[in-house]
Amino acid sequence: MADNVIEFKKVNKSFDETRVLNEIDFEIEAGKFYTLLGPSGCGKTTILRLIAGFADVTSGDILFEGQRVNGLPANERQVNTVFQDYALFPHLNVFENVAFGLEIRKLKKNEIKIKVDEALKLVHLSGYGRREIAELSGGQQQRVAIARAIVNEPKVLLLDEPLSALDHKLRKEMQGELRDLQRRLGITFIFVTHDQEEALAMSDQIFVMNAGKILQSGSPVDIYDEPINHFVADFIGESNIIPGKMRQDYIVNFDGQDFECVDAGMKPNEPVEVVIRPEDLDIAPIDTGQVNVTVDTQLFRGVDYQITAHDAMNNEWKINSIHPTKIGQTVALAFDPEDIHIMRYGETEDDFDARLETYD
Amino acid sequence: MKKWRISNLYLALVFIVLYLPIFYLIFYSFNVGDTMDHFSGFSWRHYATLLSDSRMISIVLNTLIIALLSSLIATIVGTMGALGIYSAKKATVKNGLLSLNNVLMVSPDVIIGASFLIFFTFLGFSLGFGSVLLSHIAFSIPIVVLMVLPKINELPKTMVDAAYDLGASSWQTLTKVILPAITPGIFAGYFMAFTYSLDDFAVTFFVTGNGFSTLSVEIYSRARQGVDLEVNALSTLMFIVSLLLVVGYYLLGRYNQNRRLQRVKAAEAKINQ
Chain A
7 MADNVIEFKK
17 VNKSFDETRV
27 LNEIDFEIEA
37 GKFYTLLGPS
47 GCGKTTILRL
57 IAGFADVTSG
67 DILFEGQRVN
77 GLPANERQVN
87 TVFQDYALFP
97 HLNVFENVAF
107 GLEIRKLKKN
117 EIKIKVDEAL
127 KLVHLSGYGR
137 REIAELSGGQ
147 QQRVAIARAI
157 VNEPKVLLLD
167 EPLSALDHKL
177 RKEMQGELRD
187 LQRRLGITFI
197 FVTHDQEEAL
207 AMSDQIFVMN
217 AGKILQSGSP
227 VDIYDEPINH
237 FVADFIGESN
247 IIPGKMRQDY
257 IVNFDGQDFE
267 CVDAGMKPNE
277 PVEVVIRPED
287 LDIAPIDTGQ
297 VNVTVDTQLF
307 RGVDYQITAH
317 DAMNNEWKIN
327 SIHPTKIGQT
337 VALAFDPEDI
347 HIMRYGETED
357 DFDARLETYD
Chain B
6 MKKWRISNLY
16 LALVFIVLYL
26 PIFYLIFYSF
36 NVGDTMDHFS
46 GFSWRHYATL
56 LSDSRMISIV
66 LNTLIIALLS
76 SLIATIVGTM
86 GALGIYSAKK
96 ATVKNGLLSL
106 NNVLMVSPDV
116 IIGASFLIFF
126 TFLGFSLGFG
136 SVLLSHIAFS
146 IPIVVLMVLP
156 KINELPKTMV
166 DAAYDLGASS
176 WQTLTKVILP
186 AITPGIFAGY
196 FMAFTYSLDD
206 FAVTFFVTGN
216 GFSTLSVEIY
226 SRARQGVDLE
236 VNALSTLMFI
246 VSLLLVVGYY
256 LLGRYNQNRR
266 LQRVKAAEAK
276 INQ
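Chains as they are written, first to last, in our numbering: chain A, 7 to 366; chain B, 6 to 278.
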């Protein structure tokens, strides 16, 4: 418990009549890379603002290193933020921007110089100190914003969709650099994004949010392989979600057939949803797989072909395959019991975790 | 010459109409004679009279002092007012304050002047330098608010958050982030108030007294007895001063831009090494 830098206890937040956060509970351990992932308006940025101290909870407690910090103003918290629009000070040059926090803390001039130079070096901007902000590209401004935050050596660094304004290539590059920076500095990063790919690539731990609630938390692999419900399965990556029935432990019925699977702990004949990832499906000659489907569309995406097809029961299937097929052709889909993931309707995260414990 | 169109002709015409009276005035300031009926020969005579007219010189100085002081004070008050309107939490309060400000902006000078006159006489305030200064401050404040407020609204909200986030107090956020960022608006407000004060006639005409006068009021009272060419000489000098100011402002802008470009190039060269 001593390792928790931040803890939320039954935190609620409302603006006027609208409730944006609903009974949020979580713990943030020191030195890890966390991501709050969810569609826009799900409350992820509000959580960040609560941690930073820009907003106050409606009810509940926020603990920072075990101390309650509700109502503590932003300028007295040991966290720093990298803003979505960078929020650099346009009247100051790069050096002065990065030095801002240190000057507020009244550090000595030469000490400030050493720290700022070091921070600029960390974000690969050595020699840019005398540049004006308006003279920098978007990617460079982004780095200045990061340097300005980390130079203060915060316990926790908050990043509010910092990469959303960058182009695809630069974003990929910055993802790697941020991850690398976090490992080198060893401070906790809390990263907010709506981009699931970004979340999977960077995080130690992901919180998936929707409509003011945390739906699931876990490592990227856990969340991708074992989504708790329809929303998470759909939001994280692509998936085929088919309604089915749990015959008994390890046997699920969907598409009019019984399939062997690796999930258990449900009631007999309980209605469930079945998730199969498009990349887990292999295309085989007709009648040699588990399900026969007819190909509707095929899209070449560079790495693979994105194929949509329908089966005899008129269920849609998405398949990612490196081998092309023909539109209108009937093929078989082959998959293993491990590729099938079963989701119960309305299961809470605690029940879900407890159920997995029983047979993992 | 394909670009020559009727619109260019129109533009030229507009400028001629705007500038011709001024050049006419300037031209006759060099007349030997005492009227603008016909030009009888070149001389500096009216400039000599102007420079030896100590009453006129003191009025020029009065006008400048009033303009400088009133716009300075109005800028301080107006900037604080704009900050106040910006930080008003309720939309109704914000819009109410802004409307009150705008009403003062659009109401005719005559009404403002008359109401100040009534106000000052009611309070028993003696008319003169003090009353002119106070009323100039009063009508300049809405102008400053109107120039500064858009600049504050332009500030990204996150910039203020960022200042707090980096440990700044409210005061430090104001002085180190907000004020520097809206400085262009504050300067624009100051110069706007300055020019409004310089050429105000109506309000000053009402609230002045005790032998205190400003340029516009003085020129008006002299013009009633037929315009003296000394006024032409004065106008010429003022026109030249404002021309120099405009040119100076332009050159300063170009100089700053060049210097910035050079700095970028130098920095790039250093990084590329």
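Even for Gly, the Cβ is constructed at its ideal location relative to N, Cα and C.
Given a cut-off of 8 Å, decide if residue j and residue i are closer than it, judged by their beta-carbon atoms.
i	j	result
B:Leu88	B:Thr213	no
A:Asn88	A:Leu163	Note on identity: in this sequence residue 88 of chain A is Val, with Asn being the wrong assignment. In contact: A:Val88 and A:Leu163 (Cβ atoms closer than 8 Å).
A:Ile333	A:Gln296	no
A:Leu221	A:Ile289	no
A:Asp228	A:Thr51	no
A:Ile120	A:Leu108	no
A:Val104	A:Arg136	no
B:Ile64	B:Glu223	yes
A:Val268	A:Pro343	yes
A:Leu128	A:Ile110	no
Measuring alpha carbon to alpha carbon, tell me which of the options ends up nearest residue i.
i	options	result
A:Asn86	A:Glu353, A:His329, A:Ile152 and A:Gly308	A:Ile152
A:Asn18	A:Val11, A:His347, A:Gly49 and A:Asp261	A:Gly49
A:Ser209	A:Leu187, A:Ile118 and A:Asp310	A:Leu187
A:Phe237	A:Lys15, A:Glu138 and A:Tyr351	A:Tyr351
A:Glu35	A:Ser46, A:Gly44, A:Ile12 and A:Glu23	A:Ile12
A:His347	A:Ile328, A:Ala360, A:Pro274 and A:Phe265	A:Phe265
A:Asp201	A:Met272, A:Leu169, A:Gly77 and A:Lys175	A:Leu169
A:Gly72	A:Gly262, A:Glu124, A:Gly250 and A:Phe14	A:Phe14
B:Ala173	A:Asp302, A:Lys119, A:Pro79 and A:Ile30	A:Pro79
A:Ile328	A:Ile247, A:Glu285 and A:His316	A:Glu285
A:Glu124	A:Val150, A:Glu23, A:Phe260 and A:Asp62	A:Val150
Can you give the Cα-Cα distance for residue i and residue j, rounded to whole angstroms?
i	j	result
B:Ser240	B:Leu30	8 Å
B:Val208	A:Pro96	40 Å
A:Val299	A:Asn320	9 Å
A:Glu363	A:Pro330	40 Å
B:Leu151	B:Gly194	8 Å
A:Leu184	B:Leu257	42 Å
B:Arg227	B:Phe206	14 Å
A:Gln211	A:Ile193	14 Å
A:Met7	A:Leu69	Bear in mind that a pLDDT of 46 at A:Met7, under 50, signals an unreliable position, so the number given afterwards is only what the model happens to contain. Straight-line Cα distance between these residues: approximately 12 Å.
A:Thr314	A:Trp323	6 Å
B:Leu23	B:Ala17	10 Å
B:Gly190	B:Val153	5 Å
A:Phe21	B:Lys94	14 Å
B:Val165	B:Val182	7 Å
A:Arg74	A:Arg25	22 Å
A:Gly249	A:Asp317	For the sequence presented, residue 249 of chain A should be read as Pro rather than Gly. One C-alpha to the other measures close to 14 Å.
B:Arg265	A:Glu141	9 Å
A:Asp173	A:Leu131	19 Å
Would you list the residues sitting across from residue i in a DSSP beta bridge?
i	result
A:Ser327	A:Tyr311
A:Pro249	A:Glu279
A:Thr87	A:Leu164
A:Phe237	Looking at the DSSP assignment, A:Phe237 forms no beta bridge with any residue, so it has no partner.
A:Gly224	A:Ile212
A:Asp67	A:Lys15
A:Ile34	A:Ile12
A:Gln73	A:Phe70
B:Val182	Its beta-bridge partners do not exist; DSSP assigns none.
A:Ser20	A:Arg25
Consult DSSP for residue i and reduce its assignment to one of helix, strand or coil.
i	result
A:Gln148	helix
A:Asp166	strand
A:Met349	strand
A:Met215	strand
B:Val232	coil
B:Tyr225	helix
A:Thr300	strand
A:Glu244	coil
A:Ile118	helix
B:Asn13	helix
A:Ile257	strand
A:Asp98	Here the sequence assigns Leu to residue 98 of chain A, which means Asp is not the residue at that position. A:Leu98 falls in the coil class under three-state DSSP.
B:Asn100	helix
A:Asp186	helix
A:Tyr134	coil
A:Gln335	coil
A:Asp357	helix
With a threshold of 7 Å, establish whether the CB of residue i neighbours any heavy atom of the ligand ATP.
i	result
B:Thr219	With respect to the ligand ATP, the structure shown offers nothing to examine, as it has no ligands at all.
Exercise for the section: Pull out every residue of the region 152-182 of chain B whose Cβ sits closer than 8 Å to any Cβ of chain E, in chain order. Expected result: The displayed structure is made up of protein chains A and B, and chain E is not among them.
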